[in-house]
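**Student:** Protein chains in written order, with this note's numbering: chain W, 19 to 281; chain L, 19 to 281.
C-beta: ideal position from N, C-alpha, C; glycine also.
A quick note: this is a predicted structure, and the numbers were derived from the prediction, not measured.
First, the structure itself, so that you have it in front of you.
There are 2 protein chains.
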Amino acid sequence: MDALILLTNDDGIHAEGLFALNAALASLGRVVVVAPDRPRSASGHSITLHKPLRIAKVKMPGGGEWYSTTGTPSDCVLLAVHEILRRRPDLVVSGINDGPNLGWDLTYSGTVAAAMEGAIIGAQAMAISLVNTGNHPEWDYGLASEFALRVASLLLREPLPPHVFLNINVPMPPDKRLRGVMLTHQGIRRYPGRIEKRVDPAGRVYYWLGGDVPEDRLEPGSDVEAVSKGYVSITPIHLDLTNYALLEQLKSSPGFAKLLENC
Amino acid sequence: MDALILLTNDDGIHAEGLFALNAALASLGRVVVVAPDRPRSASGHSITLHKPLRIAKVKMPGGGEWYSTTGTPSDCVLLAVHEILRRRPDLVVSGINDGPNLGWDLTYSGTVAAAMEGAIIGAQAMAISLVNTGNHPEWDYGLASEFALRVASLLLREPLPPHVFLNINVPMPPDKRLRGVMLTHQGIRRYPGRIEKRVDPAGRVYYWLGGDVPEDRLEPGSDVEAVSKGYVSITPIHLDLTNYALLEQLKSSPGFAKLLENC
């Protein structure tokens, strides 16, 4: 195979998960990395319209094609396609993220957003995240990058329909053996929301978001459940956020019927 | 009714669409505005984890409760709930956005993301956007804010199930009469992607994203189609991005079967 593969992430160009992915996918073709110049976790599917962006060619030990940008993960995909590669890559891989992208995480995730941008431009795409369940002091990207290679080869051989992508979460078992792989749906994981109020040296108040522990609902067949049991989860994702069941319900709701009539 | 209503947007606290919404919803209860201190269009469902945030109480002609924050629209909702209001509002309304949020726009939109955050915290929520179809030099928020009031009262009287929200687009007809209202699904609208390369005064290259014209697919029953015909579109949105049809297909795909087995 002689594929053109674009790698990006939301942890920034100096993230080990990106190094591991770059090494693992080299056998599949030409691999080009275009990643944010600093961590951009929870950047969602944001693109930068209000300020200019820069691209820098970066040298890395071991060689390869590395570019950093001042933009978000989605900006990186757009800059890669329209400026750096000047063509659509065959595959966009985003990750390996330091931490899970499960349930409602997907809506916030910069990692997932970059794969989404890959799907929008019509490339094969996947987001891959490493779940350090036991809070090991060392992150081991070995199993996740091996698995990324297997899925990447499959997507290049047997492409998915356009404008969908895969969201993959790989647990990090203590014995380095995965329990298995499950095809899952996106589950429910939310954060209670923690905001810390602090005072700066000048006496002015500021706030930090984050630091809270997610609340997971272990629905059978969901990504959240699969990973909690030590399985890799693979969820096929599209761009349609419509709640079709509710759409049908609202069509027969008297309140909405009145709203639709009186205009 | 004595509802607590949180308003926000992605165009920033000095946007006329926000003023119109604030005036229109005042009759429903206590209205509190918590909005970004500057335009944050296309900020997606991003939250700010890498730097601290500030909140400022803002005075506005005509009074009312106004706060600006240095965060994204989603940050605004979180800061409102956990710090400013210190309770969950009954309703979160995001808008009135200057411009459409149709089709794949939804994944990038800060306006939609704020309503999504409202749905996540368990409030009733809606995003509302004004579509200036004919590029009128003046934006007229009158019909859209009247419509926002009608939908807001309906949601307070007859709440939707938790963790869903409405995405509403209101066209701006030349004769100031809406054609009608349609319950829609999210359609397909993408951007070809335009990046302008420029050179700064120091001779260094930089890039601007944006400025391209969307490519709409006029699927029957979609938001894109409804608005193109002069109708208001209302799309019920949830947080589940799973492509269930593809999930079933992959379960019977030989390539994926092999992937699931060999672990």
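#1: For A162(L), decide whether its Cβ has a neighbour in chain W, counting only Cβ atoms nearer than 8 Å.
#2: Can you tell me whether R222(W) is helix, strand or coil according to DSSP?
#3: Which one of D230(W), V52(W), S270(W), D20(W) has the shortest CA to CA distance from D28(W)?
#4: Counting C-beta neighbours from all protein chains within 10 Å, is the total for A244(W) 16 or more, i.e. buried, or is it exposed?
#5: I'd like the ranges of any beta strand (DSSP E) spanning at least 3 consecutive residues and lying wholly in the segment 185-223 of chain W.
#6: By DSSP, does I65(W) sit in helix, in strand, or in coil?
#7: Note down, in chain order, each residue of its chain lying with its Cβ closer than 6 Å to the Cβ of S127(W), except the 5 sequence neighbours on either side.
#8: Following the continuous alpha helix (DSSP H) through T129(W), name the residue where it begins and the one where it ends.
#9: Return the CA-CA distance between G221(W) and I31(W), expressed in angstroms with no decimal places.
#10: Within the continuous alpha helix (DSSP H) that includes A166(L), where are the two ends?
#11: By the 10 Å Cβ neighbour count, where 16 or more other Cβ atoms means buried, how is Y159(W) classified, buried or exposed?
#12: Would you say I255(W) reaches chain L, if we count a Cβ-Cβ gap shorter than 8 Å as a contact?
#13: Which value, in whole angstroms, describes the spacing of the CA atoms of E156(W) and V188(W)?
#14: Is it true that the CB of V76(L) sits closer than 8 Å to the CB of L303(W)?
#15: What span of residues does the beta strand (DSSP E) with E243(W) cover, start to end?
#16: My understanding is that G273(L) touches L174(W), with C-beta atoms under 8 Å, so please give their C-beta distance in whole angstroms.
#17: With the cut-off set at 8 Å, would you say V130(L) and A141(L) are in Cβ contact?
#18: Going by DSSP, what residue range makes up the beta strand (DSSP E) through G113(L)?
#19: Looking at the structure shown, is K276(W) part of a helix, part of a strand, or coil, going by DSSP?
#20: Please list the partners that P168(W) has in chain L, where partner means a Cβ-to-Cβ separation under 7 Å.
#21: Please classify Y262(W): does DSSP put it in a helix, a strand, or coil?
#22: Is it the case that the segment 44-62 of chain L contacts the segment 72-91 of chain L, given that we only count it when at least three CB pairs across the two stretches are under 8 Å?
#23: With a threshold of 16 other CB atoms inside 10 Å of the CB of E266(L), please say whether the residue is buried or exposed.
#24: My output table needs one value for D123(W): the three-state DSSP class, helix, strand or coil.
#25: List the whole-angstrom C-beta distance separating T87(W) from L97(W), where the pair is believed to meet the contact cut-off of C-beta under 8 Å.
#26: Any idea what DSSP makes of E233(W), helix, strand or coil?
#27: Could you check how far apart the C-beta atoms of T125(W) and L257(L) are, in whole angstroms? I think they sit under 8 Å.
#28: Using a cut-off of 7 Å between C-beta atoms, extract the partners of N261(L) located in chain W.
#29: Taking only the alpha-carbon atoms, compute the straight-line gap between V149(L) and S271(L) and give it to the nearest angstrom.
#30: In whole angstroms, what is the alpha-carbon distance linking Y224(L) and R207(L)?
#31: Please name the residues in the segment 136-162 of chain L whose beta-carbon is closer than 8 Å to at least one beta-carbon of chain W, in chain order.
#32: At a Cβ threshold of 8 Å, is Y85(W) touching chain L?
#33: So which residues on chain L does M134(W) lean against when the C-beta distance must stay under 7 Å?
#34: When DSSP builds the beta bridges, which residues end up paired with I255(L)?
#35: When Cβ atoms are compared, which residues of the segment 50-83 of chain L fall closer than 9 Å to chain W?
#36: Just confirm the distance between the C-beta atoms of R58(W) and L277(L), as a whole number of angstroms; I'd bet it's less than 8 Å.
**Tutor:** Quick answer:
#1: Locating residue 162(L) in the second sequence gives position 144, counting from the first residue. By this cut-off, A162(L) is not an interface position.
#2: Within the first sequence, the letter at position 204 stands for residue 222(W). R222(W): coil per DSSP, three-state reduction.
#3: As a working mapping, residue 28(W) is identified with position 10 in the first sequence. The residue with the shortest Cα to Cα distance from D28(W) is V52(W).
#4: Here residue 244(W) corresponds to residue number 226 of the first sequence, with the count starting at 1. Buried is the call here.
#5: 199-201, 206-208, 213-217
#6: Within the first sequence, residue 65(W) is the residue found at index 47, counting from 1. Coil, per DSSP.
#7: Translated into the one-based positions of the first sequence, residue 127(W) becomes position 109. Result list for S127(W): N119, in chain order.
#8: Counting from 1 along the first sequence, the entry for residue 129(W) is found at position 111. Segment 128-138, the alpha helix (DSSP H) holding T129(W).
#9: To locate residue 221(W), count along the first sequence from 1; it is residue 203. To locate residue 31(W), count along the first sequence from 1; it is residue 13. Going from the Cα of G221(W) to the Cα of I31(W) covers about 35 Å.
#10: As a working note, residue 166(L) is residue 148 in the second sequence. Note, A166(L): alpha helix (DSSP H), 160-175.
#11: Position 141 of the first sequence holds residue 159(W). Buried is the call here.
#12: Sequence index remark: in the first sequence, residue 255(W) carries index 237 (1-based). Taking Cβ atoms only, chain L reaches closer than 8 Å to I255(W), which makes this a yes.
#13: Against the first sequence, residue 156(W) aligns to sequence position 138. Against the first sequence, residue 188(W) aligns to sequence position 170. Each residue's alpha carbon lies about 15 Å from the other.
#14: Missing from the structure shown is residue 303(W); chain W here goes from 19 to 281 and no further.
#15: The residue labelled residue 243(W) in the question sits at position 225 within the first sequence. From DSSP, E243(W) is part of no beta strand (DSSP E) but of the alpha helix (DSSP H) over 241-246.
#16: Taking the first residue of the second sequence as position 1, residue 273(L) is located at position 255. Taking the first residue of the first sequence as position 1, residue 174(W) is located at position 156. Rounded, the Cβ-Cβ distance is 11 Å, inconsistent with contact.
#17: Indexing the second sequence from 1 puts residue 130(L) at position 112. Indexing the second sequence from 1 puts residue 141(L) at position 123. Going by C-beta atoms, V130(L) is not nearer than 8 Å to A141(L).
#18: Here residue 113(L) is taken as the residue at index 95 of the second sequence, counted from 1. Counting along the chain, the beta strand (DSSP E) containing G113(L) begins and ends at 109-116.
#19: If you number the first sequence from 1, residue 276(W) lands on position 258. If DSSP states are grouped into helix, strand and coil, K276(W) belongs with the helices.
#20: Residue 168(W) sits at position 150 when you count from the first residue of the first sequence. Note on residue identity: the sequence assigns Arg, not Pro, to residue 168(W). The answer, in chain order, is L277.
#21: On the first sequence, position 244 is the one that residue 262(W) refers to. Y262(W) falls in the helix class under three-state DSSP.
#22: yes
#23: Position 248 of the second sequence, counting from 1, holds the residue named residue 266(L). When all chains shown are included, E266(L) counts as exposed.
#24: Within the first sequence, the letter at position 105 stands for residue 123(W). D123(W): helix per DSSP, three-state reduction.
#25: By 1-based counting over the first sequence, the position of residue 87(W) is 69. By 1-based counting over the first sequence, the position of residue 97(W) is 79. Confirmed, Cβ separation roughly 5 Å.
#26: Mapped onto the first sequence, residue 233(W) falls at position 215. Of the three classes helix, strand and coil, the one that applies to E233(W) here is strand, per DSSP.
#27: Within the first sequence, the letter at position 107 stands for residue 125(W). Within the second sequence, the letter at position 239 stands for residue 257(L). That belief holds up - the Cβ atoms of T125(W) and L257(L) are roughly 6 Å apart, short of 8 Å.
#28: Reading the second sequence from its first residue, position 243 is the one you call residue 261(L). Chain W residues near N261(L): V182, P254, I255, H256.
#29: On the second sequence, position 131 is the one that residue 149(L) refers to. On the second sequence, position 253 is the one that residue 271(L) refers to. C-alpha separation (whole angstroms): 43 Å.
#30: To locate residue 224(L), count along the second sequence from 1; it is residue 206. To locate residue 207(L), count along the second sequence from 1; it is residue 189. Those two C-alpha atoms are separated by around 27 Å.
#31: I138, I139
#32: Residue numbering aside, residue 85(W) sits at position 67 when the first sequence is read from its first letter. Taking Cβ atoms only, chain L never reaches closer than 8 Å to Y85(W), which makes this a no.
#33: By one-based count along the first sequence, residue 134(W) stands at place 116. Neighbours of M134(W) on chain L, chain order: T125.
#34: Reading the second sequence from its first residue, position 237 is the one you call residue 255(L). Looking at the DSSP assignment, I255(L) forms a beta bridge with T260(W), F183(L).
#35: R56, P57, R58, S59, A60, S61, G62, H63, S64, I65, T66, L67, H68, K69, P70, L71, R72, I73
#36: Counted from its first residue, the first sequence places residue 58(W) at position 40. Counted from its first residue, the second sequence places residue 277(L) at position 259. Contact flag wrong, Cβ pair sits at about 30 Å.
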